[in-house]
Amino acid sequence: MASGRRPEHQAPPEVFYNDDEARKYTSNTRMIEIQVQLSQRAIELLDLPEDQPSFLLDIGCGSGLSGEVLTELGHQWVGLDISPAMLDVAVEREVEGDLFLHDIGQGLCFKPGTFDGCISISALQWLCNADKKGHNPAKRLYKFFSSLYSSMSRGSRAVFQFYPENPQQVELITTQAMKAGFTGGLVVDYPNSTRAKKALALRIPNLLRRVFNLRENKSTTRKINKKEQGLGKRKEGQEKTTGKTFLFFFEFMENGLN
């Protein structure tokens, strides 16, 4: 399906990621490298306790590339995906996680407090589209976030990497997450820039204004150390917050959002 259009504009995810696309995605060396790097970054931002396994949820797990990173780090995980073809490839690859075919826009059905954290790589933008007549992106996002909030343990984090099409999508997603009860912020990585390699953590409620101001005035950006970010590992004896937080991160490109 070669096209310059974004995948989510070509077909619903369960259609776009057919058998051919799923196998091509999983055999592409460059794609695997990117997925592994993004997964490692997401796990870093989860700020999990060191030297002990966690029980994690992988939203949009696909063929299990991100799940393999979780397994390598000693964590147990459950993966959800809407594409049967992607999950078939994951089963063939014998990934360690428990896999479920599920449309996250319908909400999640796990017991309260089940997961110690959640990651999602390159999946959230799909919920911003109405693929069927009855789909309302805002309602589907809220149903997802509210059910995810219930599924997570106290003090846990959910980290989503996604490719927003425009500022409105970022606002739509963050608004529904906050309505569901999450607090949190936005992390912007500059992977292709020599001027700003560090991540910036932008806190709500002014995160949207600040994020898109950075795009217009890059010369004013500065590196924020881990203490300022609040993203560093907790010091020994420091209590973990009891609230549930989200962190979104996406690649911030020279020509706008990708």
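Under full-length UniProt numbering, think of the first position of the sequence shown as 1, with each following residue one higher. By construction, the Cβ of each residue, glycine as well, lies at the ideal position given by its N, Cα and C atoms.
Per DSSP, what are the beta-bridge partners of residue i in this structure?
| i | result |
| --- | --- |
| Gly117 | Leu56 and Arg157 |
| Met152 | Phe115 |
| Phe100 | Leu80 |
Please report the residue range of the beta strand (DSSP E) in which residue i lies.
| i | result |
| --- | --- |
| Gly79 | Gln76 to Asp81 |
Taking Cβ positions, are residue i and residue j nearer each other than 9 Å?
| i | j | result |
| --- | --- | --- |
| Gln169 | Lys143 | no |
| Met152 | Cys118 | yes |
| Leu172 | Cys128 | yes |
| Phe55 | Thr114 | yes |
| Gly67 | Glu96 | yes |
| Ser146 | Phe110 | no |
| Leu43 | Leu65 | Note on identity: in this sequence residue 43 is Ile, with Leu being the wrong assignment. Contact flag unset, no. |
| Leu99 | Ile82 | no |
| Asp58 | Arg157 | no |
| Leu186 | Thr174 | yes |
Considering only the alpha carbon of each residue, which of the options lies closest to residue i?
| i | options | result |
| --- | --- | --- |
| Phe160 | Ser120, Gln35 and Thr174 | Ser120 |
| Pro167 | Glu94, Arg5 and Gln125 | Gln125 |
| Gln37 | Asp20, Ser122, Glu96 and Thr175 | Ser122 |
| Asp88 | Lys179, Glu21, Ser147 and Tyr163 | Glu21 |
| Tyr25 | Gln10, Ala158 and Gly62 | Gly62 |
| Pro112 | Pro84, Arg154 and Phe100 | Arg154 |
| Arg6 | Thr174, Pro164 and Arg140 | Pro164 |
| Glu50 | Asn136, Asp116, Leu186 and Gly134 | Asp116 |
| Arg41 | Phe162, Arg140 and Asp131 | Phe162 |
| Gly104 | Glu33, Gln52, Arg140 and Arg23 | The question names Gly, yet the displayed sequence has Ile at residue 104. Of the listed residues, the one whose Cα sits closest to Ile104 is Arg140. |
| Leu108 | Lys179, Gln52, Asp131 and Leu148 | Leu148 |
Could you give the residue range of the alpha helix (DSSP H) that holds residue i?
| i | result |
| --- | --- |
| Leu127 | Per DSSP, Leu127 belongs to no alpha helix (DSSP H) and is neither H nor E. |
| Glu44 | Thr29 to Leu46 |
| Ser66 | Leu65 to Glu72 |
| Lys133 | Neither: Lys133 is in no alpha helix (DSSP H) and is coded neither H nor E. |
| Glu171 | Pro167 to Lys179 |
#### Entry: Cβ pair count under 8 Å reaching 3, the region 15–29 against the region 66–80
no
### Task
Count the CB pairs spanning the region 28–43 and the region 84–100 that are closer than 8 Å, and state whether there are at least three.
no
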